[in-house]
Amino acid sequence: MAYDLLVIGGGPGGYHAAEKAALAGLKTMLATDGPVGGVCLNEGCIPTKALLYSAKVYEAAKGSAKYGVRVGGAELDHGAVIERKRKVVSALTGGVTRRLRKAGVTVAQGGAVIRGKAGGAFRAEVGGEAVEASSLIIATGSSPIMPRIEGLDRALGTGFAMTSSGMLESAAVPRRLVVVGGGVIGLEMASYYNSAGSEVFVVEALDHIAGFTDREISSMLMAEYERKGVRFLLKGTVTALGDGMVRYGLDGGAYELNADTVLMSVGRRPNVAGLGLESIGVETKGGRIPTDGRMRTNVSGAYAVGDVNGESMLAHTAYVEAEVAVDNILGVRRSVRYGAIPSVIYTNPEVAGCGETEESAAGKGMAVEVRKKPLAYNGRYMAESEGDPGLCKILLEKGTGRIVGVHMMGPYASEVIFGASAFMEMEMTGADVAGMVFPHPTVSEMIKETLER
98 MAYDLLVIGG GPGGYHAAEK AALAGLKTML ATDGPVGGVC LNEGCIPTKA LLYSAKVYEA
158 AKGSAKYGVR VGGAELDHGA VIERKRKVVS ALTGGVTRRL RKAGVTVAQG GAVIRGKAGG
218 AFRAEVGGEA VEASSLIIAT GSSPIMPRIE GLDRALGTGF AMTSSGMLES AAVPRRLVVV
278 GGGVIGLEMA SYYNSAGSEV FVVEALDHIA GFTDREISSM LMAEYERKGV RFLLKGTVTA
338 LGDGMVRYGL DGGAYELNAD TVLMSVGRRP NVAGLGLESI GVETKGGRIP TDGRMRTNVS
398 GAYAVGDVNG ESMLAHTAYV EAEVAVDNIL GVRRSVRYGA IPSVIYTNPE VAGCGETEES
458 AAGKGMAVEV RKKPLAYNGR YMAESEGDPG LCKILLEKGT GRIVGVHMMG PYASEVIFGA
518 SAFMEMEMTG ADVAGMVFPH PTVSEMIKET LER
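Our numbering puts the sequence shown at residues 98 to 550.
Below you can see the structure in the form of structure tokens.
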């Protein structure tokens, strides 16, 4: 069967590219070896947010007396939380499937293997059937990294160790949970299970949590979760897993922890193996498929979007990369700009940021002016908070005054950060934004308040 476009991978980048291409008139096949929606919709972004929202409601009920509301005997029913999560995921995956069908996309279940290119067409085998396509988008996503730890394979086999996918289906709340990795996934799962009643330990190899998050804000977040009872073992390395045991190294010493469950969340690796990339000469580098700003690989007509290119492993990045790839296939020259892509950690409080941090700016030799204010300056925040930590930090390029970074910790940070990203995309200065009118009272006003001296 001949198509204009073959998309390999059913995650955010894949299904979005397929729908956009089909609506533009391209005969499109989407080949996926898993459920439509990929990791994000089925095992990541959406299900974790469902759990975290339940935890937030539970925490609000427990602390409601601070706001003059008395709730007796609030409990978190983990089984009901998991069931609600399943309903949310089912509704959304069904919606994506219907959208693809309505757009005219042919969805093929089963793995796709590229077999070569001849006469200007890519040849592939999809679910045992031969397929040809004029253009190709690779959107195969990523998988959890499994570090070399003694006993890990056995621990994964017995269920003592799990990835986030397993934790999102776990029927029980572990008495003691050890999280290996203090990045976004590890922190969000630590947040939920801390609220659900687990004693949580986070073992992180770096000297800070939250990866590339602004260091001041990541320190504030860690302090808040330490206050909630989470213990962080920074610069620690897990060396072995046994029956109910986690062995780790820290400051030159060797230690052991008893645990009921271990969550492995040390990062993700692009899925490039077994695709037949070598049959058409697609280059891989450092385990990913490098692309230019137009999402083109080194092979004409072949594009790579989402986690597989390793540029920015976020669902919203995959969406825009998908749009750019399809536009270029349609002859519309367009590129992705990565400098203002926002990121969010959906803990409680939330953390959100875009652009440069103080640390990344210093590393690039950028001269920046830092303006920051506690959220206590904000009326909406004060009306809805009781001593909760919050901060807004904005980086301005010295000389031009252009906004080059915005970072927040506090309520609604995930909803506010898109505006900061837009300001950066439009290369606005701090003075430009300070002169704008923000709705009052909103947490978004914090951006204006931070810019005003």
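Idealized CB from N, CA, C, for every residue including glycine.
Because the structure is a prediction, the values reported are computed rather than measured.
8 Å Cβ cutoff met for residue i and residue j
i, j, result
"residue 105", "residue 121", "no"
"residue 242", "residue 385", "no"
"residue 323", "residue 444", "no"
"residue 119", "residue 236", "no"
"residue 205", "residue 223", "yes"
"residue 184", "residue 148", "no"
"residue 330", "residue 359", "no"
"residue 448", "residue 318", "yes"
"residue 291", "residue 327", "yes"
"residue 314", "residue 490", "yes"
"residue 307", "residue 350", "no"
"residue 103", "residue 233", "yes"
"residue 544", "residue 503", "yes"
"residue 416", "residue 113", "yes"
"residue 535", "residue 439", "no"
"residue 469", "residue 546", "no"
"residue 492", "residue 542", "no"
"residue 343", "residue 275", "yes"
"residue 144", "residue 190", "no"
"residue 361", "residue 259", "yes"
Pick from the options that is closest to residue i, judged by C-alpha positions
i, options, result
"residue 294", "321, 313, 325", "325"
"residue 312", "166, 457, 473", "457"
"residue 408", "382, 333, 210, 262", "382"
"residue 529", "499, 515, 539, 507", "499"
"residue 486", "300, 250, 316, 209", "316"
"residue 519", "363, 426, 452", "452"
"residue 197", "514, 138, 217, 125", "125"
"residue 172", "162, 156, 186", "156"
"residue 115", "420, 267, 249", "420"
"residue 446", "108, 101, 150", "150"
"residue 244", "334, 226, 275, 194", "334"
"residue 540", "215, 510, 395, 429", "510"
"residue 271", "254, 207, 203, 289", "289"
Residue i: first and last residue of the uninterrupted beta strand (DSSP E) it sits in
i, result
"residue 189", "Run containing residue 189: none in the beta strand (DSSP E); it sits in the alpha helix (DSSP H), 175–200."
"residue 273", "273–277"
"residue 410", "Looking at the DSSP string, residue 410 is not in any beta strand (DSSP E), and its letter there is neither H nor E."
"residue 367", "365–367"
"residue 211", "209–215"
"residue 128", "125–129"
"residue 530", "Not the beta strand (DSSP E): residue 530 falls in the alpha helix (DSSP H), residues 527–531."
"residue 38", "Absent from the model: residue 38. The displayed extent of the chain is 98 to 550, so no value can be given."
Where the alpha helix (DSSP H) containing residue i begins and where it ends
i, result
"residue 147", "142–159"
"residue 220", "From DSSP, residue 220 is part of no alpha helix (DSSP H) but of the beta strand (DSSP E) over 218–223."
"residue 112", "109–120"
"residue 281", "281–293"
"residue 483", "Unbroken run through residue 483: none, as it is neither H nor E."
"residue 74", "Past the boundaries of the shown model lies residue 74; the chain is included only from 98 to 550, so the question cannot be answered."
"residue 459", "455–460"
Buried/exposed call for residue i, threshold 16 Cβ in 10 Å
i, result
"residue 389", "exposed"
"residue 475", "buried"
"residue 404", "buried"
"residue 309", "exposed"
"residue 164", "exposed"
"residue 550", "exposed"
"residue 166", "exposed"
"residue 466", "exposed"
"residue 332", "exposed"
"residue 186", "buried"
"residue 297", "buried"
"residue 495", "exposed"
"residue 252", "buried"
"residue 135", "buried"
Residue-chain proximity (residue i, chain C), Cβ-Cβ < 8 Å
i, result
"residue 252", "Of the chains in the structure shown, none is chain C; there is only one protein chain."
heavy atom of the ligand NAP below 7 Å from residue i C-beta
i, result
"residue 116", "As for the ligand NAP, it is missing from this structure, which has no ligand bound."
Original post:
Which ranges does the beta strand (DSSP E) cover as unbroken runs of at least 3 residues, wholly within the region 303–355, from first to last along the chain?
Top reply: Taking only runs of at least 3 residues, the beta strand (DSSP E) segments lying wholly in the region 303–355 are 328–331, 333–339, 342–347, 350–355.
**OP:** At 3 residues or longer, and completely inside the region 229–269: list those beta strand (DSSP E) runs for me, N to C.
**Re:** Here the runs fully enclosed are 239–241.
**OP:** Could you name each continuous beta strand (DSSP E) segment of 3 residues or more that falls completely within the region 490–517, going from the start of the chain to the end?
**Re:** Whole beta strand (DSSP E) segments, 3+ residues: 500–506.
**OP:** Please list the segments of the beta strand (DSSP E) lying wholly inside the region 418–450, counting only runs of 3 or more residues, in order along the chain.
**Re:** You should have 440–442.
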